[in-house]
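Here's the structure, in structure tokens; my notes come after.
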Amino acid sequence: MTQRLHELRRSLLVSLWFMLLTFPIMVIRVNTITGTIRWRWANLALIGIGSFLISVVWRYAMQRKTGEVRATGVLAQVGERLGAGAERFRTLVDSPKVRVRLVSGLLAAAVAYPFLTSMYHTNIMITALTYVVLGLGLNIIIGLGGMLHIGYAAFYAIGAYSYALLNMYFGINFWLALPIGAALAGLFSLLIGLPTLRLRGDYLAIVTLAFAEITRLVLQNWQEVTGGAAGIPNIPRPQLFGMTMRLQQTTTFVYFIMLAVVILTIFVVHRLENSRIGRQWVAMKEDYIACQAMGVSIAKAKLTALGIGAIWGGLVGVIFAARTTFINPASFTVWESVIILSTVVLGGMGSIPGVFVGALVLMLLPEYLRPFAQYRMLIFGALLVTMMVFRPGGFIKKRRKAYTISDEERQSVIENDVAAADETKE
Amino acid sequence: MNYFTEVVLSGLTRGSIYALIALGYTMVYGIIELINFAHGEIYMIGAFTALILASVLTIFGFNTIAILFLASIIAIVYSAMYGYTMEKVAYKPIRNSQRLSALISAIGMSMFLQNYVRIAQTSDFLPFPRIIPRFPWLSALPISMSSAQFMIFASTAVVMVLLTLLIKFTKIGKSMRAASQDKVMAKLLGVNVNKVISVTFIIGSATAALGGILISSYTGQINFYIGFLAGIKAFVAAVLGGIGSIPGAVLGSFVLGLTESLGAGYISSDYEDVFAFIILAVILIVKPAGILGKGQIEKV
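Taken in sequence, the protein lines are chains A and B.
Per the numbering used here, the very first residue in the first sequence carries number 84; after that it's consecutive.
Per the numbering used here, the very first residue in the second sequence carries number 58; after that it's consecutive.
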């Protein structure tokens, strides 16, 4: 009991601290022109109560994490049920039969989606799917290769601009621009990757950020070619054998292109994950030196991860340009990269279902919670911190390949060993 | 005064400000090897708090000197408090996990603080009051320097000297050096490493806030986004000089400030930010440890 009282007292102190801390920015609002001050005391109360509650939960979660406190009573039961449920779900999904059904169900729902809902919802879904692909692409670099890249939006920009510019100057159509944009993004990534091969971790992060900013600034300032900050208008929408389509049909069409790209990405990333090169990436991520010692060429592994990862950014960039028919450098800021990074980290680095679910949830929720839209980045930021503190693996953790040995197998191994030992003795 | 001196003077001003922010980066990195992405946000919060306080004090009818001192000191204290809290919430719990986690947490913190100020205050640019009084004797100098510029140079020099003294000759400075060399060993020898880290964040945040107040009264306007670019540039400066080294951070800041000013003055002002990033990339590729940094040998 005293323990609990003590905890509550600590939380109270924390809330007082935060009330003091946020006082000038949350409470005082000065209008310098009229020379009046608005004291927003309600905010102070909000911060006090909010930080008290968060502190209670935070402290409890922290103690659970370090193992100081065990859940008791109702909480324990709920936790146990949830754990058991998740376990059952996992074994269910693992069986091939269920998996096939699940995937075909999802696919059917995805195909039916634009016909069942309005164009508005289809458009939102296209955006969400865009981020799924971007997330999966970045996932190759971060989740598999372990390289923190905070300039992914640059590849997205390169894809978008290569279609817009090639179309403007050479009249190249959407379908031709698709592979060109992807290839250019991959090449650009390799170009950045080559000189930065020696860099790791924090330094690589900051250099990728620097290159992304350079890309954006060049697009913004190279008036004569890129149209500068005003961007490029009137980019043609994707065509299908020269058919004329109404806006709604085009939207549906773009949706299906996007869906196809998502499926392709998932397929390719899944195949890559378990390939020779994919395992090299994971090895590189886990232990740099050991990986090198095992004869993996770090340079090759890094460059392939960077190149293959960037391709998806370029691909989706082309679709983005074709879909919005207007692009400008403001769409490709650092925060765009950070949002893509958030979807990967929150979903679960390295895990395909994690990134898929993460991107869908993070993109769809703010769309449908319009009143909270302005808090989106605030909540993303808070989520990133909380996630790193309590669940660094993300919503859906990447599952490592594991091999379970059955009892008989173990028995036979032991018997063999014993027999072998006996033989050597004789 | 000719164009060249003007450009150089503006470069030195920038350099001084970068130095004030870069010091915090370099100190934090020296001790916990974390790029504190949210450091620029502390700089922004310092400027915002000073702006709010100065406006309130003006409305209450205080005189200029009182406003300058009260607003600056309270804003600096507040920023130090923010820095302290940030470390406790976002970095301390994950001190022993992967480097990647800490960096992502720092990015999250940066996003959070930016949007916190945006929502609680405004996303528009606000005019920053002229809190630095005019020094009439400055016109006697051979080069024309504004009083804000003079304050920037003077404060940077004072902070630099004080910090060097603190790190070289005080007990906490000694503990800082010990903790940055080997945290476990320092702990074994009775250094309170948690306290050392807190103090580092407090000092770093306070100097960043000072930088924020000075540059804002020099440029005359602020918004919630100023911390990001300033933070990145200061980080570039810290890396340029050799991260973890305090004289390195100062040197790097001046190199960066001068390059930017000369580049903007003689090549193209549109690409001003590009120069900073190009320098960063070149330095990291050619000499990853920075100008004054020592290369590290990795042990298995």
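Think of the CB as a built atom: it goes at the ideal place given N, C-alpha and C, for glycine as much as any other residue.
With the cut-off set at 9 Å, would you say Leu-315 of chain B and Val-290 of chain A are in Cβ contact? No. Outside cutoff.
Looking at Pro-197 of chain A: is its Cβ nearer than 9 Å to the Cβ of Trp-258 of chain A? Cβ distance not < 9 Å, so Pro-197 of chain A and Trp-258 of chain A don't count as in contact.
Consider the Cβ of Thr-205 of chain A: report whether some Cβ of chain B lies at a distance smaller than 9 Å. no
Check whether the segment 218-225 of chain A touches the segment 281-289 of chain A, counting contact only when three or more Cβ pairs, one atom from each stretch, lie closer than 8 Å. no
Does the CB of Ile-289 of chain A have a neighbour CB from chain B at under 9 Å? yes
Quick check on the burial criterion: 16 or more other C-beta atoms within 10 angstroms. Buried or exposed for Ala-191 of chain A? exposed
Could you check whether the Cβ of Phe-105 of chain B sits closer than 9 Å to any Cβ belonging to chain D? Going by chain labels, chain D is absent from the structure shown, which instead holds the protein chains A and B.
Taking C-beta pairs closer than 7 Å, name the residues in chain A that Arg-152 of chain B reaches, listed in chain order. Under the 7 Å cutoff, chain A gives no residues; its nearest Cβ is about 11 Å from Arg-152 of chain B.
Does the Cβ of Asp-505 of chain A have 16 or more other Cβ atoms within 10 Å, making it buried, or fewer, making it exposed? exposed
Whole-angstrom distance between Arg-112 of chain A and Leu-127 of chain A, CA atom to CA atom: 13 Å
Tell me, to the nearest whole angstrom, how far the beta carbon of Ala-132 of chain B is from that of Gly-97 of chain B; I am working on the premise that it is less than 8 Å. At roughly 16 Å, the Cβ-Cβ gap does not stay under 8 Å, so Ala-132 of chain B and Gly-97 of chain B are not in contact.
What's the call for Pro-186 of chain B, buried or exposed, on a 16-neighbour Cβ count within 10 Å? Flag for Pro-186 of chain B reads buried.
Short of 8 Å Cβ to Cβ, which residues in the segment 157-172 of chain B face chain A? Leu-157, Ser-158, Ala-159, Leu-160, Ile-161, Ser-162, Ile-164, Gly-165, Met-166, Ser-167, Met-168, Phe-169, Leu-170, Gln-171 and Asn-172
Under a Cβ-count criterion, where at least 16 other Cβ atoms within 10 Å of its own Cβ denotes burial, should Tyr-323 of chain B be classed as buried or exposed? The residue in question, Tyr-323 of chain B, is exposed, as its Cβ has fewer than 16 Cβ neighbours within 10 Å.
Determine, using beta carbons only, whether Ala-293 of chain A comes closer than 9 Å to chain B. yes
Looking at Met-166 of chain B: is its Cβ nearer than 9 Å to the Cβ of Phe-94 of chain B? The beta carbons of Met-166 of chain B and Phe-94 of chain B sit closer together than 9 Å.
Put Asp-300 of chain B into one of helix, strand or coil per three-state DSSP. Reading the sequence as shown, one finds Ile at residue 300 of chain B and not Asp. Of the three classes helix, strand and coil, the one that applies to Ile-300 of chain B here is coil, per DSSP.
Buried/exposed call for Asp-181 of chain B, threshold 16 Cβ in 10 Å: exposed
Ends of the alpha helix (DSSP H) at Val-248 of chain B? It is not in any alpha helix (DSSP H) - Val-248 of chain B carries neither H nor E in the DSSP assignment.
Could you spell out the range, first to last residue, of the alpha helix (DSSP H) harbouring Arg-406 of chain A? 381-407
How about Ile-283 of chain B and Met-101 of chain B: do their beta carbons lie closer than 9 Å? Result yes, Cβ atoms of Ile-283 of chain B and Met-101 of chain B sit closer than 9 Å.
Taking 9 Å as the threshold (C-beta atoms), are Val-427 of chain A and Ile-151 of chain B in contact? no
Between Gly-437 of chain A and Lys-481 of chain A, is the Cβ-Cβ spacing less than 9 Å? yes
Leaving out the 5 sequence neighbours to the left and right, which residues in its chain are closer than 8 Å to Phe-106 of chain A when beta-carbon positions are compared? Answer for Phe-106 of chain A: Leu-127, listed in chain order.
In or out: Glu-369 of chain A buried (at least 16 other Cβ within 10 Å) or exposed? exposed
Cβ contact (3+ pairs, closer than 8 Å) linking the segment 70-89 of chain B and the segment 215-225 of chain B: yes
Cα separation between Ala-236 of chain A and Leu-91 of chain A? 44 Å
Which ranges does the alpha helix (DSSP H) cover as unbroken runs of at least 4 residues, wholly within the segment 339-377 of chain A, from first to last along the chain? 359-369 and 371-376
Give the interface partners of Phe-292 of chain B over in chain A, defined as CB-CB distance under 9 Å, in chain order. Ile-289
Rank B:Phe-292, B:Ala-306, B:Ala-211 and B:Val-174 by C-alpha distance to the C-alpha of Leu-461 of chain A and give the top, closest one. The shortest C-alpha separation from Leu-461 of chain A is found at B:Val-174.
Within 10 angstroms of the Cβ of Arg-93 of chain A, are there 16 or more other Cβ atoms? Answer buried if so, exposed if not. exposed
Using beta carbons (cut-off 9 Å, strictly below), is Ile-116 of chain B in contact with chain A? yes
Span of the alpha helix (DSSP H), counted from its first residue to its last, around Thr-105 of chain A: 85-105
With a threshold of 9 Å between beta carbons, is Tyr-143 of chain A in contact with chain B? no
Locate the alpha helix (DSSP H) running through Val-472 of chain A, then write down its first and last residues. 459-473
Excluding the 5 residues preceding and the 5 following Tyr-135 of chain B in the sequence, name in chain order all residues of the same chain whose CB lies nearer than 6 Å to its CB. Only residues of its own chain outside the window of five on either side were considered, and among them Thr-106 have a CB closer than 6 Å to the CB of Tyr-135 of chain B, listed in chain order.
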